[in-house]
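Heads up, the thing below is written out as structure tokens.
Residue numbers (the numbering used here), protein chains in the order written: chain A, 6 to 257; chain B, 6 to 257; chain C, 6 to 257; chain D, 6 to 257.
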């Protein structure tokens, strides 16, 4: 059974989008600097941030059986949000395979920050997803480069973060289907910070901000982007394709 | 019957998407073969088809003052649907310019069939939008090639039309931002039949079916695609960009 | 006759593009119907077809040690052409990994026909690469939809093949970076038959025609496309990206 | 010295790419600050920079009859380079139309810096091509984001310019077919600084650097990018599409 994160007994299946926020939930427990920022874990900060948006929100973490991503949980998830950093290799191949096929089958996926190096994201991209990085508490400015896209609703021209980890190009991903944000970093780099990818019936959004030592997930506009992305990734999709040998539709 | 857009007291701004269906409305009045299929005009057939979807629907035609596309009408339009064929040159440049800027500013636009040759679509594409064509009442099959896209919701793998005008490649458009449908024609051609384009804050969908002598707009799945496209094109967009000279955000 | 790649003293590094044609080379030896069409193997038919184009051509097959794709061979390969069908699982993971990293590092890759299901292509795409198929000796017409692209040089509006295996949508690939050809099939299907993909420093072209029982690789225009794709995939690329921790370029 | 394009007996049609460098050539004559940087005009600086690359180079300027872009000149041009700023409106519509159709027909086009606001580029884009700007002699860093692309050959990870005019997002263009460079500016902005666009048979490259008061076109790597873009834009293209009414290829 899927329990409500935020106690909502009034959940209406047809109205609320069902979001599962997944976090490896390690640094928050072992690193006091991180615990000071996210005492209940990054997943709870994100879930609480998203609460006003009316989603049905569930959380799951690495240490749970099957990392909390059982078939039942995934069958009740419209959009999965993924945060991981230090323990990518501890995620079992079986769970990665299960989530991967859910995404291809239409479950939305939002990959945050260091999730770029997760097995799941790499498998969906087909590339190494390597990048440049630097922890220098520097300023970042996320510029909107596709203001027609629903992921940009409610934002201004850019989002400014006073402290973030730098992620810099070259980012080893395929060219995104839609480039939504470009990040400017004080130290001199740029980054394709908000990218969408379509994979079969699934919609994927990669969003760069969110290093564990910075209060990024308390920033209203960052949460707004994630909420927008939930709506976009949960928007309806087409029928499951049929593969394999097939009879002709016309006389051959 | 289609009620007027403006002044309707039953209109709830936050709930219903406001759709204006524009038609040149000529062939239906002068060509008995067309009148037999669309006695009240293509615009009314589309409007009636869309009625069950809960949009607030308005229609406008060429012969009205300002072609029915006054600033007031456009200010109350979330998505404009455009059908034209024989009278593209009769659409005034002033109205084209007005609608063009509305699209850049975030109004959704759905261009149907022979609307490919409208001044408006050509101006937004930057190309001639020429193509091959043939009126032979041949079979068409519209194949879904992006089943993640909301425009494909509720469809199967393809839509089959028993009679359509052939539109064939090369279609002189920029590569679409998203290719949704590819059309197969009995006579041996293919066509990029469903294409999306982002232009500043506006979302545009071109959809090929709908020759005036065929009952295409009575086909439930064709209407479903148009309704899906209305939802997609009306989805929220970002803020208006600021252009021109600007002060530095960082010390230079 | 195809000369060996390595040690050939006639090789001029600055002039000739070095092409390695890889084939699993199984059906030609066990299936008389295939042997009748390609008595020396598909790899030799392609190599002979490409001979007039002035490339330095090498061939390699599955049964060779390391499938003929040793580090030395790959180090002397600008563009790798891949044909496989029945023995995808027999290709060792080690060789797949080696070739994969060569592609990311800038080696061009042309994947033909049933190579869509190779481990290599799947790994680069991040999707399952499934599709519909039918062996009915039906007619195919490959329509050019990007006549600006160098892969289309020397062709007309389309290429017609009297007999091909049908490959139909939905083709489970990411949206290609460039869609070059759309295939029309007599039996009623369409296919994204010519697709390019950029992956880090590498350029990839997928080209659908070439079932082993049809004389497709003797067709001058099919060979022309492959030759064009060799030129495109071998065109220069940028420097190897640097990944990992990096110092700031500006004062932070 | 730049030799004339037409009638030059040293011209070898099959070997050298024919480049025409067009410049409005105004600021260099009226503004001493610009004249100090480009005493012979920006067109000559570019032409001299490109000289070692072996192109056959011609120049043309606004004040010439038909702005130096007669049908004969264009018929002998493989790639047109365009620099304009203060006199976009002085370019005749007739010449714009002529060049536009040449581009659609396969002539390569490289639009530099303030050429974003030329009639020609706007017509090809279908958008207003507006942007943010600032003249503050600030540092720019052009980051490569597609190292597979031939336009990046011979470069490192980025190009650094000590002084450039800032061009900032949002840049009102359609999403480019290929995004090659992202510009970082000292003052806090980013820009899609290197973009390719395919239009029918023509290839277009927009490249942002090159304000008239800075010595940008003497920078070896900037010239290298332009030379690479010439090669890319001059690469072969497909046949002219046929448009209009057409007979069926199969029995209907």
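Think of the CB as a built atom: it goes at the ideal place given N, C-alpha and C, for glycine as much as any other residue.
Quick caveat: nothing in here was measured; it's all calculated off a predicted structure.
Please state if the CB of residue j and the CB of residue i are separated by a distance shorter than 8 angstroms.
{"i": "residue 215 of chain C", "j": "residue 118 of chain C", "result": "yes"}
{"i": "residue 242 of chain D", "j": "residue 153 of chain C", "result": "yes"}
{"i": "residue 47 of chain C", "j": "residue 87 of chain C", "result": "no"}
{"i": "residue 63 of chain B", "j": "residue 78 of chain B", "result": "yes"}
{"i": "residue 192 of chain A", "j": "residue 254 of chain C", "result": "yes"}
{"i": "residue 108 of chain C", "j": "residue 23 of chain C", "result": "no"}
{"i": "residue 189 of chain C", "j": "residue 229 of chain C", "result": "no"}
{"i": "residue 169 of chain B", "j": "residue 143 of chain B", "result": "yes"}
{"i": "residue 161 of chain B", "j": "residue 244 of chain A", "result": "yes"}
{"i": "residue 235 of chain C", "j": "residue 186 of chain C", "result": "no"}
{"i": "residue 181 of chain C", "j": "residue 42 of chain C", "result": "no"}
{"i": "residue 202 of chain A", "j": "residue 231 of chain A", "result": "no"}
{"i": "residue 158 of chain D", "j": "residue 36 of chain D", "result": "no"}
{"i": "residue 39 of chain B", "j": "residue 217 of chain B", "result": "yes"}
Examine chain A for any beta-carbon lying closer than 8 angstroms to the beta-carbon of residue i, and answer yes or no.
{"i": "residue 135 of chain C", "result": "yes"}
{"i": "residue 112 of chain C", "result": "no"}
{"i": "residue 11 of chain C", "result": "Low local confidence applies: a pLDDT of 41 at residue 11 of chain C is under 50, so the model's placement there is unreliable, with the coordinate-based value given in what follows. Closer than 8 angstroms: no."}
{"i": "residue 203 of chain B", "result": "yes"}
{"i": "residue 243 of chain B", "result": "yes"}
{"i": "residue 132 of chain C", "result": "yes"}
{"i": "residue 257 of chain D", "result": "no"}
Hey, is residue i's beta-carbon within less than 8 angstroms of any beta-carbon in chain D?
{"i": "residue 240 of chain C", "result": "yes"}
{"i": "residue 150 of chain A", "result": "yes"}
{"i": "residue 145 of chain B", "result": "no"}
{"i": "residue 246 of chain B", "result": "yes"}
{"i": "residue 158 of chain C", "result": "yes"}
Between the Cα of residue i and the Cα atoms of the options, which residue gives the shortest distance?
{"i": "residue 196 of chain D", "options": "D/218, D/138 and D/220", "result": "D/138"}
{"i": "residue 112 of chain D", "options": "D/145, D/219, D/210 and D/194", "result": "D/210"}
{"i": "residue 172 of chain A", "options": "C/75, C/249, C/59 and C/230", "result": "C/249"}
{"i": "residue 49 of chain B", "options": "B/110, B/159 and B/66", "result": "B/66"}
{"i": "residue 252 of chain B", "options": "D/256, D/233, D/257 and D/140", "result": "D/140"}
{"i": "residue 156 of chain D", "options": "D/28, D/226 and D/76", "result": "D/226"}
{"i": "residue 167 of chain A", "options": "A/158, A/122, A/223 and A/53", "result": "A/223"}
{"i": "residue 257 of chain D", "options": "B/163, B/194 and B/110", "result": "B/194"}
Beta-carbon of residue i versus every beta-carbon of chain B: anything under 8 angstroms?
{"i": "residue 153 of chain A", "result": "yes"}
{"i": "residue 253 of chain C", "result": "no"}
{"i": "residue 180 of chain A", "result": "no"}
What do you get for residue i, buried or exposed, if any count of 16 or more other CB atoms within 10 angstroms of its CB means buried?
{"i": "residue 44 of chain C", "result": "exposed"}
{"i": "residue 98 of chain B", "result": "exposed"}
{"i": "residue 246 of chain A", "result": "buried"}
{"i": "residue 34 of chain B", "result": "exposed"}
{"i": "residue 32 of chain D", "result": "buried"}
{"i": "residue 208 of chain C", "result": "buried"}
{"i": "residue 95 of chain B", "result": "exposed"}
{"i": "residue 206 of chain D", "result": "buried"}
{"i": "residue 59 of chain C", "result": "exposed"}
{"i": "residue 6 of chain D", "result": "A caution first: residue 6 of chain D carries a pLDDT of 33, below 50, which makes its placement in the model too unreliable to give a value."}
{"i": "residue 56 of chain D", "result": "exposed"}
{"i": "residue 89 of chain C", "result": "buried"}
{"i": "residue 120 of chain A", "result": "buried"}
Return yes when the C-beta of residue i is under 7 angstroms from any heavy atom of the ligand ADP, and no when it is not.
{"i": "residue 154 of chain B", "result": "The ligand ADP is absent from the structure shown, which contains no ligands of any kind."}
Does chain C have any CB closer than 8 angstroms to the CB of residue i?
{"i": "residue 208 of chain D", "result": "yes"}
{"i": "residue 162 of chain D", "result": "yes"}
{"i": "residue 83 of chain A", "result": "no"}
{"i": "residue 166 of chain A", "result": "no"}
Taking three-plus beta-carbon pairs below 8 angstroms as touching, is the region 174-186 of chain D in contact with the region 123-133 of chain D?
yes
Count Cβ pairs between the region 95-104 of chain B and the region 70-78 of chain B that sit closer than 8 angstroms; are there 3 or more?
The region 95-104 of chain B is in contact with the region 70-78 of chain B.
Any chance the region 228-242 of chain C sits against the region 77-87 of chain C, with 3 or more Cβ pairs inside 8 angstroms?
yes
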